[in-house]
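Protein chains in written order, with the numbering used here: chain A, 1 to 216; chain B, 217 to 288.
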């Protein structure tokens, strides 16, 4: 695989997340350290930049809600651990927000390349804004990619965690804009007989045999 | 190293982890609950403390060593 191919290779949903051993602001961490819990691995372009600072404040704000959901946060950028430490101290001093989660110092871009975080069309020296959700078994469940210019929406990150965990626990799908408490999608029947039975089924709301919702 | 500084002193969190094991051996999950530190951080610290011979792994649990006791 050429160097450029390595930089643009992407992990795939439903497959084991690429393994790593990384230097972080909380010491050496490995992907396996996060087994039995959900992990949000996210990258930002660089320390001491304004959009990233707003995002870190945003991630710190949702951190307690993530903890309640058994979700860990792990940041990453191609900066040194000293830069990360200086930046989080600066954010606490100037913005009054303590950053409670670790940040990978990925100076050799090893983790960034494994996760396809470097998009040369945007920058070959910075990671774009990515979000990877990895489940307690180490399987990659979600990927989001944002450009350098636009910060992420923390509300959506919490929403999709709720949706992923609900799908995992209840074996259902969730419709567009789903929020906890909303009806969920009943998986469509796979046979004609099951389709005929579905529309007569009590306790579910069907527009047609393939489009049924129910309360959890 | 986050558990042991350049002077050879244990960090506050590493000391808390060792103290949690003075009376009985515990699993990493039990240590996490007892000291209120996320499991991923406990696993990372345990690796370092085992390497420094302050802890030993016995089955699924961890025990403090005599060397570890001298740090508490």
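Virtual Cβ for every residue (Gly too), placed ideally from N, Cα, C.
- In the same chain as residue 49(A), and ignoring 5 residues on each side of it, no C-beta atom comes closer than 8 Å to its own.
- At a cut-off of 9 Å between beta-carbon atoms, residue 32(A) makes contact with chain B.
- Between the stretch 50-62 of chain A and the stretch 19-38 of chain A there are fewer than three C-beta pairs closer than 8 Å, too few to call the two in contact.
- Rounded to the nearest whole angstrom, the CA to CA distance from residue 257(B) to residue 235(B) is 16 Å.
- The shortest CA-to-CA distance from residue 191(A) to any of 185(A), 182(A), 204(A), 209(A) is the one to 209(A).
- If you look at residue 149(A), you'll find it isn't in any beta strand (DSSP E); DSSP assigns it neither H nor E.
- The distance from the Cβ of residue 180(A) to that of residue 155(A) is about 13 Å, inconsistent with a contact at the 8 Å cut-off.
- Looking at the backbone, the Cα of residue 132(A) and that of residue 42(A) are separated by about 6 Å.
- By the criterion of a C-beta distance shorter than 8 Å, residue 80(A) is surrounded in its chain by 105, 107, once the five residues flanking it on both sides are discounted.
- The CB of residue 260(B) comes closer than 8 Å to the CB of 26, 27, 28, 29, 30, 33 in chain A, given here in chain order.
- Interface criterion met: the Cβ of residue 36(A) is under 9 Å from a Cβ in chain B.
- Residues of the same chain with a CB within less than 8 Å of the CB of residue 95(A), apart from the 5 flanking positions on each side, are 53, 57 in chain order.
- Around the CB of residue 175(A), fewer than 16 other CB atoms lie within 10 Å, so the residue is classed as exposed.
- When 150(A), 91(A), 85(A), 158(A) are compared, the shortest CA-CA separation from residue 65(A) is found for 158(A).
- The Cβ of residue 245(B) sits closer than 9 Å to at least one Cβ of chain A.
- Assignment of residue 59(A) by DSSP, reduced to helix, strand and coil, places it in the helix class.
- Counted as a single uninterrupted DSSP element, the alpha helix (DSSP H) harbouring residue 232(B) occupies residues 228-235.
- Every unbroken stretch of the alpha helix (DSSP H) spanning 4 or more residues and falling wholly within the stretch 116-187 of chain A is given here in chain order: 154-170.
- In this structure, residue 160(A) lies near residue 142(A), with their beta-carbon atoms less than 9 Å apart.
- For residue 33(A), the three-state secondary structure derived from DSSP is helix.
- Shown here, residue 269(B) sits in coil according to DSSP, grouped into three states, outside any helix or strand.
- In the three-state scheme derived from DSSP, where H, G and I count as helix and E and B as strand, residue 189(A) is classed as coil.
- Look at residue 287(B): its C-beta is not under 9 Å from any C-beta on chain A.
- No Cβ-Cβ contact shorter than 9 Å links residue 262(B) with residue 286(B).
- Secondary structure note for residue 282(B): its alpha helix (DSSP H) is the uninterrupted segment 282-285.
- For residue 23(A), the secondary structure class from DSSP, reduced to helix, strand or coil, is strand.
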